[in-house]
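First residue of the sequence shown? That's 1 in the numbering used here, and the numbers climb one at a time after it.
Idealized CB from N, CA, C, for every residue including glycine.
Every value quoted in this text rests on a predicted model; they were computed, and no experiment measured them.
What follows is a single structure, written as structure tokens, with notes after it.
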Amino acid sequence: WMTDGVRMETNLGGKGLGGILSRVVTGESLFVVNYSADRDQQLVTFSSDFPGKILPIHLAQGQSMIAQKDTLLVAEKSVTMSIALQKRLGAGFFGGEGFILQRFDGPGTFFGALDGEIVEYTLAAGQRLLVDTGHVAMFEPTVNYDIQMVKGIKNVLFGGEGLFFVSLTGPGRIWLQTMPLSKLAGAIRQYLPKAEGSSENGINFKIG
């Protein structure tokens with residue numbers, strides 16, 4: 001919702017061909033809605049489409065942040081968004097959130113929509129944290145992002161937690177999310193009604 005002094009204007013997102021390509025590859029809409037106030041003391045409100053937290057990130061000039069795709073909820077016009085490709089192919093193919101991450105550059109503030117609760121850590125230089133894929137929400141560019149396979153044949157076969165961990169090595173801050181949307185959807189799927197005698201992967205409801 002918004003007050004009546006806020007003006008909406010829809011424009012093509014991204015600056016130049018590179019900006020447009022970045023939005024296509026990361027799954028963002030080609031168009032963005034700009035909100036501006038005609039007078040002081042105006043209000044506009046944004047919300048996420050799923051249960052979680054909205055985290056404001058304030059970026060100074062020259063400061064950046066790396067986030068999983070689809071994190072962006074809203075940002076000031078001064079913030080630029082681009083593709084953050086992983087240098088190592090393993091991180092891209094097995095990273096859970098895919099080969100492409102988003103990079104946000106200041107100055108300005110952007111708001112990230114994260115799944116579930118948020119846990120923040122500050123890693124010292126050389127300090128490493130292994131995280132289940134999908135739980136990595138954001139991290140500073142100084143943090144090294146890589147993929148490590150789960151050790152132990154029993155863990156691989158019976159652990160039920162996937163084959164890979166995301167390895168995050170400091171220095172820098174990281175933000176983890178407790179309830180990735182993909183895992184929430186998988187947990188709910190088993191409780192949805194299924195059509196009798198149908199093998200299709202759809203949702204069917206009997207009425208009456």
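Please state if the CB of residue j and the CB of residue i are separated by a distance shorter than 9 Å.
i      : j      : result
Thr10  : Val32  : yes
Val143 : Phe110 : no
Gly106 : Gln61  : yes
Phe165 : Gln148 : yes
Gly108 : Leu59  : yes
Tell me which same chain residues have a C-beta within less than 8 Å of the C-beta of residue i, skipping the five on either side of it?
i      : result
Val6   : Tyr35, Ser36, Ala37, Asp38, Gln42, Leu43, Val44
Arg173 : Glu120, Tyr121, Thr122, Leu123, Phe139, Glu140, Val143
Gln68  : Glu97, Leu101, Gln102, Val136, Ala137, Met138
Ser48  : Ile54, Leu73, Ala113
So who's on the other strand from residue i, going by DSSP bridges?
i      : result
Asp105 : Ser64, Thr80
His58  : Thr109
Glu9   : Asn34
Asp115 : Gly52
Glu120 : Trp175
Val143 : Looking at the DSSP assignment, Val143 forms no beta bridge with any residue, so it has no partner.
Arg189 : The partner list for Arg189 (beta bridge, DSSP) is empty, contrary to what the question assumes.
Less than 8 Å between the CB atoms is what I'm expecting for residue i and residue j, so what's the real figure, rounded?
i      : j      : result
Arg128 : Thr169 : 5 Å
Leu181 : Asp115 : 5 Å
Ile57  : Leu101 : Not confirmed; about 15 Å, so no contact.
Grab me the residues of residue i's own chain with a C-beta within less than 6 Å of its C-beta, minus the 5 sequence neighbours each way, in chain order.
i     : result
Phe46 : Leu73, Val74
Do residue i and the ligand PLP come close, with the Cβ less than 8 Å from some heavy atom?
i      : result
Val136 : Because no ligand of any kind appears in the structure shown, any question about the ligand PLP cannot be addressed here.
Considering only residues of the same chain and omitting the five flanking positions on each side of residue i, which have a CB-CB separation below 7 Å?
i      : result
Pro171 : Leu123, Ala124, Ala125, Thr142
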